[in-house]
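Heads up, the thing below is written out as structure tokens.
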Amino acid sequence: MGEHLTFIGSVTAQLVRAVPVTLLILAVSGVCATVLATGLTAMSVARSPLPRLIQRTWTFLFRGTPLILQIFMIYYGFAMVPWIRHGLLWAAFRDPVFCTCLAMTCCCSAYIAEIFRGALAAVPRGEIEAGRACGMTGFLLLRRVIAPSLIRIALPSYSNEIIMMTKSTSLASTITVLDITGVAQQVIAHSYRTLDVFCAAAALYLLINATLSTLLTALERRLDVDRAPTPLAPIPPTLEPLS
Amino acid sequence: MSKTLRGAVLGLAVLLSQETGHATDVAPQDTPRTVVIGTEGAFPPWNITRPDGTLIGFEPDLLQVLCQRANLRCQLVAQDWDGMIGALQAHKIDVIADALQITPARKAVLAFSLPYAITTGVFVTQKDSPLARMANRGLVLDLDASPTPERQTQALSALREELRGKTLGVAISSTYDAFLDKYLADVITVKSYRTMGERDLDLLSGRIDLTLDDTTYLRPLLAAPDAQDLVLVGPELIGGELGAGEGFGLRQDDTALAERLNAAIRSAVEDGTVRRLSLKWFKADATPTLDARPGDAHPGDAHPGAAAGSPQP
Amino acid sequence: MMDDLTLLGFGPDGWAPLLLKGCLLTLAVSATSMAIGTVLGVLLAWARLKGPGWLRRTALVYGVVLRGVPELLVILLLYFGLPSLILSLSETFGWEAPGLPPPFLVGSLSVGLVSAAYQAEIFRGGVGAIPRGQFEAARAMGFSDLLCFHRIVLPQVARVVLPALGNVWQFNLKDSALIAVTGLSELMRTSLVAAGSTRHPFLFFGVAMALYLVLTTLSSTAFHYGGRYSNRWDRG
């Protein structure tokens, strides 16, 4: 029994050391995917048909195929393309962490863009018209009227997507990255104690996801002006200069 | 092809083998006996499945000869590697013929016939890599040799120095894990791949510096037109953690079958049948050296020094 | 180019038959796991809504765990862990060891278990969307539980739930690619083996992507028409 606990302890310590890799992939692809999704959302409401076509094709391609296949395509497929293999980009593409981040950015941006697009459609027309009536246009209207509403509406689905992304980071292990899942498999290859190792890894993922969803729910509450029990703290004027 | 689970399945099989043994099949040497032989059918050139389902390769060819000589009615069935040892323990098959290396770890679980082939582990790297000029090319290092020859000790330490800081790719749970752990793991980075195909792609793209695998797998790879940038380097490895050659896997209580197969293997080795077939399929002679002790049929104890209880010179 | 056509053809060196077989296996695994997910999902939803306290809590924990742990880890856990579990069970009960479970079963089961967690939420939401008054009315009319389910719950839940199930199906289809790690020759695994042994990864992963696009597009079209059918009383 004691020996068993010692084993689980040492396995957990090994797995915890891989947590930064998982979090790095999550953070990089999370930020990049969100930025890219914002761009895609803008394209989806563009007046000219070309950006709309690009957005639709992007969504079709990345939501219609498995992420693991996209990762393999970028990691193994692109490595056989001469101008990548022998070009300046090779420094990035030879790194499996970069390839995972790139695939996850492309894939998740398609999902997040759909969330943003839905939220954009749900922003009350009246608010936008009121903003226009007050003389707001362009970026000011976006920043003061559309974005605050959009973020509030999109946040629950966006939180879900972040949890999905945390789970997807485990696919990095299929292209030799030693993230939590990668280390778990490495440990199993040397000891045959499958259940202990995978359960420890699963517990770590649950912990990460519980932390993330607690943070995001707190953010949701903070932004939910309609249901906020007390008035929000005044925003420091330095952050909101008058335009 | 799924060597992935080699380790896990072995772990399971250790548990399986702790169960009570089944009744030993006792049959006189001269009565024909029907045996079911499991092979993967996806491990060229050892065993290959043709589109029409028939099995060809070194092992099917050899088994045809062996079964005739051992007076066995053999039935060859394709079976995934994952379930192979389980199928053997469950009496669904009687023999595993799948380029199974006779290693100490596997001997805890299985009985082995005498080796019917012995193949070396070789290193392959890119032609433009600094490793392409590794020392001791072609020198065969027998890890079982005792006492260790001076030249071999030097070669192994030279290998360590040359590979220091390099990245080596292997198929996960391969036979080479134990060797790498013992001799190289502290100076190199080992990357594990699920399939040999993935490992080969990363070797070609240069993401890994070199690989270590069986000569019967790597030599045909080097002959492929798109693998012209690869080259065989450094010493060849044999024995020790790499195993004492390839043998048939048997249930530990099936000594009658082991004796019949061993006698047939011995005759096929002695009359050159193994040599002829290995030249045909491997383009190299893979004939094992069997102990010159007729009648000695301890399963798997054939390779010099591999025998657990054999007296050391 | 000619080379690529040969590799993708039906000739002796062509991978077309295996790729198409891979497609069928992908569909089979996805459908099996979807079915496992639906059965278990309904049971979980029932447990959450009507079950006794301990069962409700179990179903809740099941949902949190299976939706919070990577699918890949669930597949690996079942694939590596199930054999030892079966073995210890058979030892406990004194059965003969049944050998290893086939990868198809392990794969469908692991994707199905995850799918069940999501489907349970959908069914729960679907039942929750039916006004309570309807249940009360059914009881007042003397409907049995079964009749109530058949006449009141099922038609309405099916309508609400179908688009969401379509989404789960798409996820199942894509999650089935993860089963490749167990060695089952579905589409992902076949393309990987082809890419590795021909060393044309770009070609084969590209073809696999195209085939997955065909599968997802066809099935989303099917769900679209299915949705129109179950909504047929709403129109006009």
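Note that the protein sequences, when read in sequence, are chains Z, X and E. Numbering of the first sequence is given in my numbering, commencing with residue 1 and proceeding in unit increments. Numbering of the second sequence is given in my numbering, commencing with residue 244 and proceeding in unit increments. Numbering of the third sequence is given in my numbering, commencing with residue 557 and proceeding in unit increments. Virtual Cβ for every residue (Gly too), placed ideally from N, Cα, C.
Contact with chain B by residue i, beta-carbon distance below 9 angstroms
i	result
Z/Pro156	Any reference to chain B falls outside this structure, whose protein chains are Z, X and E.
Inter-residue CB distance, residue i and residue j (contact presumed, cutoff 8 angstroms)
i	j	result
E/Phe660	E/Leu740	6 angstroms
X/Leu319	X/Ile280	5 angstroms
X/Leu491	X/Val338	Here the sequence assigns Phe to residue 491 of chain X, which means Leu is not the residue at that position. Correct: roughly 5 angstroms between the Cβ atoms.
X/Arg276	X/Leu315	6 angstroms
X/Leu444	E/Gly752	6 angstroms
E/Leu622	E/Val737	Actually they do not touch by this definition, with Cβ atoms about 18 angstroms apart.
X/Thr458	X/Ala527	7 angstroms
Contact with chain X by residue i, beta-carbon distance below 9 angstroms
i	result
E/Val630	no
Z/Met80	yes
Z/Gln14	no
Z/Pro96	yes
E/Ser589	no
Z/His4	no
E/Ser753	yes
E/Pro711	no
Z/Ala189	yes
Below-9 angstroms beta-carbon distance, residue i vs any chain E residue
i	result
X/Glu484	no
X/Arg222	Outside the modelled stretch of chain X, which goes from 244 to 556, sits residue 222 of chain X, for which no answer is possible.
Z/Cys199	yes
X/Asp323	yes
X/Glu283	no
X/Gly440	yes
X/Gly449	no
X/Gly329	yes
Z/Ser44	no
Z/Ala184	yes
X/Ala470	yes
X/Ala266	With a pLDDT of 40 at X/Ala266, under the threshold of 50, the modelled position of that residue is not reliable, and the figure given next carries that caveat. Taking Cβ atoms only, chain E never reaches closer than 9 angstroms to X/Ala266, which makes this a no.
Z/Ala202	yes
Z/Met104	no
Z/Gly138	no
X/Ala467	yes
9 angstroms Cβ cutoff, residue i in contact with chain Z
i	result
E/His756	yes
X/Leu444	yes
E/Asp731	yes
X/Ile415	yes
E/Tyr781	no
X/Asp514	no
E/Leu802	Residue 802 of chain E is absent from the structure shown; chain E starts at 557 and stops at 792.
E/Glu677	no
E/Asp569	no
E/Pro626	yes
E/Ala778	no
E/Phe660	no
X/Asp341	no
Burial state of residue i (16 or more Cβ within 10 Å)
i	result
X/Thr267	Note that X/Thr267 has pLDDT 42, beneath the 50 cutoff, so the model's placement of it is unreliable and the number below is only indicative. With fewer than 16 other Cβ atoms within 10 Å, it is exposed.
E/Tyr785	exposed
X/Cys317	buried
X/Tyr426	buried
E/Met795	Here chain E has residues from 557 to 792 only, and residue 795 of chain E is not among them.
X/Lys434	buried
X/Pro392	exposed
Z/Pro20	exposed
X/Asp514	exposed
E/Trp723	According to the sequence displayed, residue 723 of chain E carries Asn and not Trp. Under this definition E/Asn723 is an exposed residue.
X/Gly264	Because X/Gly264 carries a pLDDT of 39, less than 50, the predicted location of this residue cannot be relied on, and no value is offered for it.
Z/Cys134	exposed
E/Tyr635	buried
E/Phe548	An answer regarding residue 548 of chain E cannot be provided, because it is not within the stretch 557 to 792 covered by chain E.
Identity of the residues DSSP links to residue i by a beta bridge
i	result
X/Gln344	X/Glu489
X/Ala321	X/Thr282
X/Asn290	X/Phe286
X/Phe366	X/Leu455 and X/Val476
X/Leu384	X/Leu480
X/Pro358	X/Gly490
ask   = For the region 564-618 of chain E, which segments carrying the alpha helix (DSSP H) assignment without a break, of at least 4 residues, lie completely within its bounds, in sequence order?
value = 572-606
request  = Mind listing, in chain order, the continuous alpha helix (DSSP H) runs of no fewer than 4 residues lying wholly within the region 449-501 of chain X?
outcome  = 458-466
inquiry  = Threshold first: 4 residues or longer. Then list the alpha helix (DSSP H) segments lying entirely within the region 393-430 of chain X, N to C.
reply    = 393-406 and 420-426
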